[in-house]
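Q: Counting in our numbering, the sequence shown runs without a single skipped number right up to 101 at its last residue.
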Amino acid sequence: MKTTVEISDPLMSEARKAAEREGRTLRSLLEEGLREVLASRERKRKFRLRDGSFKGKGVQPGIDLSDWETIRSLIYEERGG
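1) Grouping DSSP H, G and I as helix and E and B as strand, with all else coil, what is Val57?
2) Output the distance between the C-alpha atoms of Lys64 and Met21, rounded to the nearest integer angstrom.
3) Taking the Cβ atom as the reference point for each residue, do Leu50 and Ala35 lie within a distance shorter than 8 Å?
4) Under three-state DSSP, which class holds Asp87?
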């Protein structure tokens with residue numbers, strides 16, 4: 021596909037020199053750069069939830085998970101809450 025893009029003169033000059041130095045076309049250099057930028061953004065966008073587990077035996081006997089007030093008081097029991 022043909023398209024027109026405005027690129028600053030210094031950047032275009034540097035890109036042409038790099039392409040020539042590497043023995044490749046300006047088009048291939050620009051395509052490679054665009055692919056790399058898009059791929060890096062895709063990698064950054066992927067969310068991975070960290071492992072928040074810890075050693076223990078889970079919920080202790082007698083704790084009612086539907087009773088938030090009791091759970092909260094137990095969490096802050098020795099922390100001044």
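We put the CB at the ideal spot given by N, CA and C, even for glycine. Only a predicted model underlies this, so the values are computations on that prediction, with no experimental measurement involved.
A: Well, looking at it:
1) helix
2) 28 Å
3) yes
4) coil
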